[in-house]
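Undergrad:
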Amino acid sequence: MKPEGTALGVLARAAGLAEHWTDAQGRPQQVGPDTLRTVLAALALPAGTDAEARESLRALQERDAAPPALLVAEAGQACAVPGMTAGAARAYEIELDNGTLAQGVLQPDAQGAPCIVTPSRPGYNVLRIGERSLRLAVAPNRSAQRPIPPRAWGLAAQVYSLRCADPARAASRAGFGDFAALRELAEAAAARGAQALAISPVHALYSAHPEHDSPYSPSSRLFFNPLYADAAAVLGHAAVERAWQALPARERERAAALEARQQIDWPRAARLRLALLRQLHRDFARAPAALKRRYAGFRAAGGQALRDHAVFEALHAEHTEALGSPAVAHWQQWATPLRDARSEAVSAFAVRREADVDFHCFAQWLTTASLGETQQAARRAGMGVGLITDLAVGADPRGSQTWSRPGDFLAQLSIGAPPDIYNPLGQAWGLSAYSPTALQSQGYQPFIDLLRASLRHAGGVRIDHILGLARLWLVPGNQPAEGVYLRYPLEDLLRLVALETWRHEAVAIGEDLGTVPEGMGEALASAGVAGMSVLWFERGAASEGQAAPFLPPEQWPTSKVALTTTHDLPTVRGWWSGRDIDWRVRLNLLGADETEETLRAQRDADRDALWHALQPDPGRATPRAAPLARILGHVAATPAPLMLTALEDLCAATEQPNLPGTVEGHPNWRRRLPARLAQPFTQAAVQRRAALLQQARPGAPDDNAPPKETR
């Protein structure tokens, strides 16, 4: 019997699991009963038997009938109040987060449900009806949100790939890019007219295990990678130079060799940078009182979450050394009391190792403060938006965030993606997703905290795999094709994105590539979240024997950000030359129905199709070298409010930063810009390409926008 006709099927649908779905080729698919049972068990809804499934369904229905911990609505709209019964009119009042009061009388909607009218001012409020009170989040209307500067352009850059050119920042030239190099790039790009600089994720990874280098597999999305700190921006150049000179000479000598590499040696480079940070921490005892007050304020504001992360870092370092494992040490391998962040054993450890804990708090302070300095520098240089941070879709199950708050996550399941055109084997990303039940029971506070961490020192946020706010492909084990979609409360989550971007006077971009749920585009537009249009996917329908044509610029969407490529896709030169195919063949990443010959033949046809879209003379033969300027001009001519070009494309690089589906074999997250591009905008070719973009997109910055502060 198929699951949909059983107690298992009824429970699966009630829990938000999609038994049926449509793949990237438009073919209907059905999830097997074993997968449903495994995922339901991870959701704390056992369904091993029909009796278990019926009992789990009863518990689920009781939970769903409880009043919400946070009611999320839109400004100036009628909103039904859960748990209220129809009847006589009752007065209500709303205490707004600015201290004012709004009052009204419950009115029935078309179905007779009692409704309030939400305030016109967005914010987090308290609704009171008689003796009952309820937290109320009011999201802004689309018209109230900050728009992207019209006809603007910007860059997308991998922070680690950058090179610092300032001779006063010797400590920043030790093997990878940091916020000092990012600041240089932001100021130089702004001088050429760029309005935004989208960056790779800068979430906290593992100080004790720098080999774990994927920015999309963070230990915590609430904190930052201290390796990126520009300590001089906070403590001053003199303090950093003293600390640098205090390091052993042999360590400083290694810096030049590390900086000369084309690929980052993360273990050695990270050890050098951490040694500098520890020396700065030791020296901080002699710092001016004003700096010490700033640090004390940061620690106080960070509260328990900051302390938890710092304690985790210290614990993880101790156990990584003890285990000597080549992989990241999972906290579940620790002694049982240490697995609980609130245990007495953890408290005792934190007291015993307070110096280490304080170091990790100090490193977070330097990183956070220098990121803020970088954003301010970008705005002062003329950028209308400035930095756009990248919010990864999940957290590493072995990391700080899952250790601190294990009940928030579905630790037994991995986020991934079903098989699609570019990844025919499917993907399992090894990341933990939030439990939708935990989110709702906590009034979405874990999600709100994530948004605030990403927006606090930025002009915008790119939400990786924003499709996951509607549904996530969750994989038990490591078989991507054996997953299932789990539904999330999309409307509430998008309204919270709108509210937090309004409060931070920022913009939001959603990475909406892949198998897109029906209605997702409309939902994003309603929340003021711009989707993403990537050159390789903006194509019409294929005809028999012909490659699908590339859309002319005027047919691209008007509500999405236009991009040449992304970090997971080929660069322009790489696509044109088939470099991505070279890698897939070399690493045996072809799908069951693919061969090298068919892939190269298809790319030849696709290259001809793109060339045809780029120029009006169909008689000209397709060139062997990528017509980079024409391609940049093609994307710049689209009606998108913002165009982002990858720094690799502006610099005419061939290799892409990441090759999905690989851990070994391809140097993911380790490629650096060539040394001659330490200051890319001094290169004549880069200047010409930037001038082309500025001519096509001269959008002025938003001069009327108020100074950035949280509302």
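Okay, so the sequence shown: first residue is -15 according to my numbering, each after it adds one. Note that beta-carbon positions come from the ideal geometry of N, C-alpha and C, so glycine has one too.
Please tell me whether Ala301 and Leu264 are closer than 7 Å, where the distance is taken between their beta carbons.
TA: no
Undergrad: So, for Pro321: in the same chain, excluding its five sequence neighbours on each side, which residues have a beta-carbon less than 6 Å away from its beta-carbon?
TA: Ser327, Ala329
Undergrad: Which term fits Thr358, buried or exposed, when burial requires 16 or more other beta carbons within 10 angstroms of its beta carbon?
TA: buried
Undergrad: Check Pro541 in the structure and name its three-state DSSP category.
TA: coil
Undergrad: Only counting the same chain, and skipping five residues up and downstream in sequence, which positions put a Cβ closer than 8 Å to that of Asn469?
TA: First, the amino acid is wrong: residue 469 is Tyr here, not Asn. Leu1, Ala2, Trp5, Arg455, Leu456, Trp457, Leu458, listed in sequence order.
Undergrad: Does the pairing of the segment 162 to 171 with the segment 138 to 147 give three or more beta-carbon distances under 8 Å?
TA: yes
Undergrad: Counting C-beta neighbours from all protein chains within 10 Å, is the total for Thr666 16 or more, i.e. buried, or is it exposed?
TA: Around the beta carbon of Thr666, fewer than 16 other beta carbons sit within 10 angstroms, so the residue counts as exposed.
Undergrad: Does the segment 302 to 321 come into contact with the segment 365 to 373, if we say contact requires no fewer than three beta-carbon pairs (one atom in each stretch) closer than 8 Å?
TA: no
Undergrad: First and last residue of the alpha helix (DSSP H) that includes Trp5?
TA: It is not in any alpha helix (DSSP H) - Trp5 instead sits in the beta strand (DSSP E) that spans 4 to 6.
Undergrad: Taking 8 Å as the cut-off, does the segment 148 to 157 touch the segment 337 to 349 (at least 3 CB pairs, one atom from each stretch)?
TA: no
Undergrad: Given a cut-off of 7 Å on the beta-carbon distance, is the pair Ala442 and Thr550 in contact?
TA: no
Undergrad: Work out the CA separation of Ala482 and Gly391 for me, nearest whole Å.
TA: Whole-angstrom Cα-Cα distance: 26 Å.
Undergrad: List in chain order: all unbroken alpha helix (DSSP H) runs of 4+ residues lying wholly within the segment 497 to 566.
TA: 504 to 510, 556 to 561
Undergrad: If we count the other Cβ atoms within 10 Å of its Cβ and call it buried at 16 or more, is Gly461 buried or exposed?
TA: exposed
Undergrad: Going by C-alpha to C-alpha distance, which of Ala669, Asn652, Leu24 sits closest to Arg660?
TA: Ala669
Undergrad: Find out if the Cβ-Cβ distance for the pair Pro381, Ser416 is shorter than 7 Å.
TA: yes
Undergrad: Out of Leu371, Gly400, Val491, Ala362, which has the shortest C-alpha to C-alpha gap to Ala379?
TA: Gly400
Undergrad: Suppose the cutoff is 7 Å on Cβ atoms and the five residues either side in sequence are ignored; what does the same chain contact list for Ala680 look like?
TA: These residues qualify, in order along the chain: Gly617, Ala620, Ala621.
Undergrad: Would you tell me roughly how many angstroms separate the C-alpha atoms of Pro623 and Pro12, rounded to the nearest one?
TA: 34 Å
Undergrad: If you draw a straight line from the C-alpha of Leu478 to the C-alpha of Leu397, how long is it?
TA: 24 Å
Undergrad: Measuring straight from C-alpha to C-alpha, what distance separates Gln61 and Ile447?
TA: Their Cα atoms are separated by approximately 27 Å.
Undergrad: Under a three-way DSSP split, which group does Leu434 fall into?
TA: The answer is helix: DSSP assigns Leu434 an H, G or I state.
Undergrad: Report yes if the C-beta distance between Ala(-9) and Leu27 is below 7 Å; otherwise report no.
TA: no
Undergrad: Whole angstroms is fine: what's the gap from Gly287's alpha carbon to Tyr190's?
TA: 21 Å
Undergrad: Measuring only the C-alpha atoms, how far is Arg673 from Gln229?
TA: 40 Å
Undergrad: Between Ala319 and the rest of its own chain, which residues show a CB-CB distance below 8 Å, the 5 nearest in sequence each way excluded?
TA: Ala329
Undergrad: Taking its Cβ as the centre, do 16 or more other Cβ atoms sit within 10 Å of Ala182, making it buried, or is it exposed?
TA: buried
Undergrad: Using the DSSP secondary-structure output, state which residues sit across from Met627 in a beta bridge.
TA: Trp137, Ala546
Undergrad: Sorted by chain position, which residues of the same chain lie with C-beta nearer than 6 Å to Pro408's C-beta, five sequence neighbours on each side aside?
TA: Gly575
Undergrad: As a quick exercise: from Glu528, Glu506, Ala511, Val556, pick the residue whose alpha carbon is nearest that of Leu519.
TA: Val556
Undergrad: Nearest by alpha-carbon distance to Pro194: which of Arg584, Pro210, Asp476 is it?
TA: Pro210
Undergrad: According to DSSP, which residues form a beta bridge with Gln411?
TA: Ala401
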